[in-house]
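A.B. asks:
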Amino acid sequence: MDWPAAEPSQEGVRELLLGPGYRSDVLVKAAPLAPGETSKEYFLRDGMLPAALSLQAATAAIRVAQSRAAFNAGDLIADIGNKPQRIIARVLVEGASRDMALPSGEELRDRVPSDLVPIRDEELTDAEQSVRFDGMSRRSCTPDGNCPICQTETPDCKLHFTSNERVFMPEHAPRMLKLGQASKWTITGDGIFPHPFHIHVNAFEVEREEPAKDGKMQQAKLWKDTIILPAGGQPKPIVIRSRYLDYEGEFVMHCHILGHEDMGMMERVKIAK
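Just so you know, UniProt numbering puts 203 at position 203 of the sequence shown, and the rest follows in order with no gaps.
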């Protein structure tokens, strides 16, 4: 889910970065055929990814970190290299031209759900929330799911996929949020894996840089339910805002790389009065 928080835009883009759990609706308009042309091909590509954003590369790095055995350096380099480009679809444009205008920002405005309005500073009355996803620290977990960092020689000291230094336990008390309020969240990853943070029920508001009409970069607010935590270096926090208006009850938040979720990178969350 990826809704603009203020004005929808007709600005064209050449590519989208889609992580696990991402969805994006786009409208595509092909250029008119040139004089003498009867058809033209376009290709939808799954573009190349740098190693810092590649799940394949991060998984290879984890495999080496977990292994105590020898490994083939050539295979490792191949795995950790950039993800190659792949062709997803071929689009053939032919026949008589039909000029269909793309909708303007004004026409798109009423397509944004009415409850997705920007969260004001004065709305942030619930306690601030902090989340850290970590899959690159050796930990020794207790039966209740607490996983402190350990020394390598400690029995059962190995890599665990944790949220706030815990693996998921269904009986563990949920994170509490207050119905009718809003809060700021600070979310951090381990800097190695590009963990997609995903939360159920309520979308959150986040800022990102994008080009304005004059080509200069500007801050834009978006509503999302999944966002990739940066990888490839020092962990950088992402700050989001979320409000809790009508749903009362429990749900979960988790890493949307489902293998990481299954290994414990998940939490229960509860909204109550």
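Glycine included, every Cβ here is placed at the ideal spot set by N, Cα and C.
Count the other CB atoms within 10 Å of the CB of E267; is the residue buried (16 or more) or exposed (fewer)?
C.D. replies: For this step, residue 267 is matched to residue 267 along the sequence shown. Looking at its Cβ environment, which holds 16 or more other Cβ atoms inside 10 Å, E267 is buried.
A.B. asks: Report the three-state DSSP secondary structure of G259 (helix, strand or coil).
C.D. replies: Translated into positions along the sequence shown, residue 259 becomes position 259. If DSSP states are grouped into helix, strand and coil, G259 belongs with the helices.
A.B. asks: With distances taken from CA atoms, which of L17, I88, G21 and L18 is nearest R45?
C.D. replies: Here residue 45 corresponds to residue number 45 of the sequence shown, with the count starting at 1. Ranking L17, I88, G21 and L18 by Cα distance to R45 puts I88 first.
A.B. asks: With 16 other CB atoms within 10 Å as the buried threshold, where does N164 fall?
C.D. replies: Taking the first residue of the sequence shown as position 1, residue 164 is located at position 164. N164 comes out exposed.
A.B. asks: Using only the alpha-carbon positions, how far apart do V93 and L16 sit?
C.D. replies: The residue you call residue 93 lines up with position 93 of the sequence shown. The residue you call residue 16 lines up with position 16 of the sequence shown. C-alpha separation (whole angstroms): 22 Å.
A.B. asks: Out of curiosity, what's the CA-to-CA distance linking R90 and V28?
C.D. replies: Translated into positions along the sequence shown, residue 90 becomes position 90. Translated into positions along the sequence shown, residue 28 becomes position 28. So the two alpha carbons sit approximately 14 Å from each other.
A.B. asks: Please classify D25: is it buried, with 16 or more other beta-carbons within 10 angstroms of its beta-carbon, or exposed?
C.D. replies: Working through the sequence shown from its first residue, we reach residue 25 at position 25. The residue is exposed, with fewer than 16 neighbouring Cβ atoms inside 10 Å.
A.B. asks: Buried or exposed for T226, going by 16 or more other Cβ atoms inside 10 Å?
C.D. replies: In the sequence shown, counting from the first residue as 1, residue 226 sits at position 226. Buried, because 16 or more other Cβ atoms sit within 10 Å of the Cβ of T226.
A.B. asks: How about K273 and L179: do their beta carbons lie closer than 8 Å?
C.D. replies: Reading the sequence shown from its first residue, position 273 is the one you call residue 273. Reading the sequence shown from its first residue, position 179 is the one you call residue 179. Closer than 8 Å, so yes.
A.B. asks: On the DSSP bridge list, what partners appear for T154?
C.D. replies: Residue mapping note: residue 154 aligns to position 154 of the sequence shown, counting from 1. DSSP, once it has assigned bridges, lists no residue as partnering T154.
A.B. asks: Quick check on DSSP: helix, strand or coil for E107?
C.D. replies: Mapped onto the sequence shown, residue 107 falls at position 107. Helix.
A.B. asks: Beta-carbon within less than 7 Å of C150's beta-carbon, same chain only, minus the 5 sequence neighbours each way: which residues are those?
C.D. replies: As a first step, residue 150 is located in the sequence shown; it is residue number 150 there, counting from the start. Residues of the same chain with a CB within less than 7 Å of the CB of C150, apart from the 5 flanking positions on each side, are R138, R139, S140 and C157 in chain order.
A.B. asks: For D121, which of helix, strand or coil comes out of DSSP?
C.D. replies: As a working mapping, residue 121 is identified with position 121 in the sequence shown. Of the three classes helix, strand and coil, the one that applies to D121 here is helix, per DSSP.
A.B. asks: Check whether the segment 194–205 touches the segment 251–260, counting contact only when three or more Cβ pairs, one atom from each stretch, lie closer than 8 Å.
C.D. replies: yes
A.B. asks: With a cut-off of 8 Å on the beta carbons, I'd call R166 and G145 a contact; round off their distance for me.
C.D. replies: What you label residue 166 is simply residue 166 of the sequence shown in a count that begins at 1. What you label residue 145 is simply residue 145 of the sequence shown in a count that begins at 1. Contact holds; Cβ gap of about 5 Å.
A.B. asks: Tell me the DSSP bridge mates of E250?
C.D. replies: One-based indexing of the sequence shown puts residue 250 at position 250. By DSSP's assignment, E250 forms a beta bridge with K270.
A.B. asks: R243: buried (16+ other C-beta within 10 angstroms of its C-beta) or exposed?
C.D. replies: Here residue 243 is taken as the residue at index 243 of the sequence shown, counted from 1. Around the beta-carbon of R243, 16 or more other beta-carbon atoms lie within 10 Å, marking it buried.
A.B. asks: Roughly how many angstroms lie between the CA atoms of E248 and P32, to the nearest whole one?
C.D. replies: By one-based count along the sequence shown, residue 248 stands at place 248. By one-based count along the sequence shown, residue 32 stands at place 32. So the alpha carbons of these two residues sit roughly 52 Å apart.
A.B. asks: Measuring alpha carbon to alpha carbon, tell me which residue in P103, C147, G47 and D110 is nearest G264.
C.D. replies: In the sequence shown, the residue the question calls residue 264 occupies position 264. Among P103, C147, G47 and D110, the Cα nearest to that of G264 belongs to C147.
A.B. asks: Here's the rule: buried if 16 or more other CB atoms are within 10 angstroms of the residue's CB, otherwise exposed. What is D126?
C.D. replies: The count along the sequence shown starts at 1 and reaches residue 126 at position 126. Its Cβ being crowded by 16 or more others within 10 Å, D126 is buried.
A.B. asks: What separation, rounded to the nearest whole angstrom, lies between the Cα atoms of P35 and L102?
C.D. replies: Stepping through the sequence shown from its first residue, residue 35 is reached at position 35. Stepping through the sequence shown from its first residue, residue 102 is reached at position 102. Cα atoms of P35 and L102: separation of roughly 23 Å, rounded to the nearest angstrom.
A.B. asks: Are the CB atoms of I257 and P196 within a distance shorter than 8 Å?
C.D. replies: By 1-based counting over the sequence shown, the position of residue 196 is 196. By 1-based counting over the sequence shown, the position of residue 257 is 257. Yes. Within cutoff.
A.B. asks: Taking all protein chains shown into account, decide if P143 is buried (16 or more other Cβ within 10 angstroms of its Cβ) or exposed.
C.D. replies: Here residue 143 refers to the residue found at position 143 of the sequence shown. Exposed.
A.B. asks: Measure from the alpha carbon of E122 to the alpha carbon of each residue in D110, A173 and K184, then state which is nearest.
C.D. replies: Taking the first residue of the sequence shown as position 1, residue 122 is located at position 122. Checked all of D110, A173 and K184; the closest Cα to E122 is K184.
A.B. asks: Only counting the same chain, and skipping five residues up and downstream in sequence, which positions put a Cβ closer than 6 Å to that of F168?
C.D. replies: Against the sequence shown, residue 168 aligns to sequence position 168. Taken in chain order, the residues that qualify are G264 and M266.
A.B. asks: Give me the Cβ distance between F204 and R241, rounded to the nearest whole Å; I'm assuming they're in contact under 8 Å.
C.D. replies: Stepping through the sequence shown from its first residue, residue 204 is reached at position 204. Stepping through the sequence shown from its first residue, residue 241 is reached at position 241. At roughly 6 Å, the Cβ-Cβ gap stays under 8 Å, so F204 and R241 are in contact.
A.B. asks: Does the ligand GTP have even one heavy atom less than 7 Å from the beta-carbon of I119?
C.D. replies: This structure does not include the ligand GTP; it has no bound ligands of any sort.
A.B. asks: Can you give me the C-alpha to C-alpha distance between K134 and E209, rounded to a whole angstrom?
C.D. replies: Within the sequence shown, the letter at position 134 stands for residue 134. Within the sequence shown, the letter at position 209 stands for residue 209. Note on identity: in this sequence residue 134 is Asp, with Lys being the wrong assignment. Approximately 26 Å between the Cα atoms of the pair.
A.B. asks: Once you ignore the five residues that flank I228 on each side, which residues in its own chain have a CB closer than 6 Å to its CB?
C.D. replies: Along the sequence shown, one-based indexing puts residue 228 at 228. If you ignore the 5 residues before and after I228, its C-beta comes within less than 6 Å of the C-beta of G19, P194 and P196, all in its own chain and listed in chain order.
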